[in-house]
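Everything below concerns the one structure shown next.
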Amino acid sequence: MRAVQITRFGGPQVMDVVELADPVPADGEVLYDISSAGVNFADTHQIEDSYLAAQQLPLVPGAEFVGTPAGGGPRVVGLLDGGGYAEKVAAHPRLTWQVTDGVTDEQALAVVLQGSTAYHLLRTSAHLAAGETVVVIAGAGGVGSLAVQLARRWGAGRVIATASSPQKRALTEDLGADAAIDPALADDDPRAFTAALREANGGRPVDVVLEMTGGNVFAGSLSALAPFGRLVTYGMAARQETAAVPPGMLQQKSRAVVGFWLAHCMARPAMLDDAMAELLPLVADGALRPVVGGRYPLSAVREAHQDLLARRTTGKLVLDPSR
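Just so we're aligned: 28 in full-length UniProt numbering is position 28 of the sequence shown, and the numbers increase by one with no gaps anywhere.
In structure tokens form, the structure reads like this:
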């Protein structure tokens, strides 16, 4: 089978399309023919070995796929520990969900990892309450574009998004954000970012921030929180660790910082069932609109990662293993 393999850690240039033996399913696993594979920002960390779990070489990246059982069967979308950038994958059926005809491969891939993340950021980690103000960092991205819509659907009083270009900020507003600001305001001073968030909320502090950048964006977001506000951190796109948070800063405003990693839900599949049982029907009905950022041939995987790192994309990126 054709697959993307890395034998050394680094940037997009370390990914090569090679011929590998078909994977052999372990006990309980099924061999699937992949029709589409999802690309996530976390994959750019995986190939650098800079993510939350240490990686072992050689490896085939990719945490999600849409495909059918090799012996025939319904189309499913599934989550993986790795191996998704390929024509075939061995996966456990417990981490797959059937995709109806009204949902495209790209839409299914948008919700299985990024949609489930947005679901649990708001419901499980932030415990969003009706009327609260929600800030979605990177609101035009895969997680962010869905989180903006879900926050609005689930009763947020005001939704504020950040995005790096006028076009992306306009997209977040089209998806339901009440205001959108430029995260570059945090580049030199996190206090400027704090001020911009509060200004976008009518001069008031905010209740919930979904944050995946780190650095000054994290610091500025934390300072913008109202009493009993919650910052949920689920990424480190800035490639820099955030300074330690003094306990007194949390106590002073009864603020909370919560970490989230979807991998822990994979060990509790019922949590993923809850998300998928709600999100897939919303997509099929047109009530939730995944943003598809592009479909790349498997042979153009380096370009997909380069575009993602350069912030040239919006929404969900997908690889086509047939090309």
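Every residue gets a Cβ at the ideal spot worked out from N, C-alpha and C, and that includes glycine.
Helix, strand or coil at residue i according to DSSP, with G and I counted as helix
| i | result |
| --- | --- |
| Ser35 | strand |
| Arg323 | coil |
| Leu80 | coil |
| Leu225 | strand |
| Ala310 | coil |
| Glu278 | helix |
| Arg169 | helix |
| Asp207 | strand |
| Gly73 | coil |
| Asn201 | coil |
| Tyr85 | coil |
| Leu288 | coil |
| Thr124 | helix |
| Val301 | helix |
| Met236 | coil |
| Arg152 | helix |
| Ser116 | helix |
| Glu106 | helix |
| Thr213 | coil |
| Pro247 | helix |
| Arg268 | coil |
| Asp49 | coil |
| Gly175 | Checking the sequence shown, residue 175 turns out to be Leu, not Gly. If DSSP states are grouped into helix, strand and coil, Leu175 belongs with the helices. |
| Ala196 | helix |
Residue(s) in a DSSP beta bridge with residue i
| i | result |
| --- | --- |
| residue 333 | As shown, the chain starts at 1 and ends at 323. That puts residue 333 outside it, with no answer to give. |
| Phe65 | Ala37, Gly78 |
| Thr96 | Gly78 |
| Tyr296 | Leu319 |
| Ala59 | Per the sequence presented here, residue 59 reads as Leu, with Ala not at that position. Answer by DSSP bridge pairing, in chain order: Ile6. |
| Ala90 | Leu31 |
| Ala161 | Val136, Ala180 |
| Arg230 | Val208, Ala256 |
| Gly141 | Gly315 |
Short Cβ contact (8 Å threshold) for residue i with residue j
| i | j | result |
| --- | --- | --- |
| residue 399 | Glu173 | The first residue shown for the chain is 1 and the last is 323, placing residue 399 beyond what the model contains. |
| Val4 | Val60 | yes |
| Met236 | Ala138 | no |
| Val292 | Glu106 | yes |
| Leu95 | Met276 | no |
| Ala147 | Ala118 | yes |
| Val301 | Leu282 | no |
| Gly315 | Pro297 | no |
| Val136 | Leu185 | no |
| Ala126 | Val208 | yes |
| Gln114 | Gly142 | yes |
| Leu309 | Arg255 | no |
| Pro321 | Arg2 | yes |
| Asp33 | Ala70 | yes |
| Thr100 | Ala284 | yes |
| Pro12 | Gln306 | yes |
| Gly84 | Gly62 | yes |
| Pro74 | Gln98 | yes |
| Ser299 | Arg268 | no |
Alpha-carbon spacing of residue i relative to residue j, whole angstroms
| i | j | result |
| --- | --- | --- |
| Gly38 | His45 | 15 Å |
| Glu19 | Val77 | 24 Å |
| Gly72 | Tyr234 | 37 Å |
| Glu161 | Ala26 | Here residue 161 turns out to be Ala, not Glu, going by the sequence shown. C-alpha separation (whole angstroms): 43 Å. |
| Ala129 | Leu109 | 28 Å |
| Ala192 | Ala200 | 12 Å |
| Phe260 | Val232 | 7 Å |
| Ala304 | Asp49 | 18 Å |
| Thr7 | Ala226 | 47 Å |
| Glu29 | Val66 | 15 Å |
| Ala151 | Lys88 | 36 Å |
| Ala163 | Asp187 | 14 Å |
| Pro205 | Leu197 | 8 Å |
| Asp43 | Asp81 | 11 Å |
| Leu280 | Ala287 | 10 Å |
| Val24 | Gln149 | 40 Å |
| Gly220 | Asp22 | 48 Å |
| Ala177 | Val159 | 5 Å |
| residue 358 | His92 | This structure does not reach residue 358, given that the chain is present from 1 up to 323, and the question cannot be answered. |
| Leu272 | Ser116 | 7 Å |
| Ala180 | Val257 | 23 Å |
| Leu317 | Ala86 | 15 Å |
| Ser145 | Val134 | 13 Å |
| Leu121 | Asp182 | 22 Å |
| Arg311 | Ser165 | 9 Å |
| Met15 | Ala263 | 23 Å |
| Asn40 | Leu79 | 12 Å |
| Gln167 | Thr313 | 11 Å |
| Ser35 | Thr68 | 8 Å |
Contact with chain B by residue i, beta-carbon distance below 8 Å
| i | result |
| --- | --- |
| Tyr296 | The structure shown contains no chain B; it holds only a single protein chain. |
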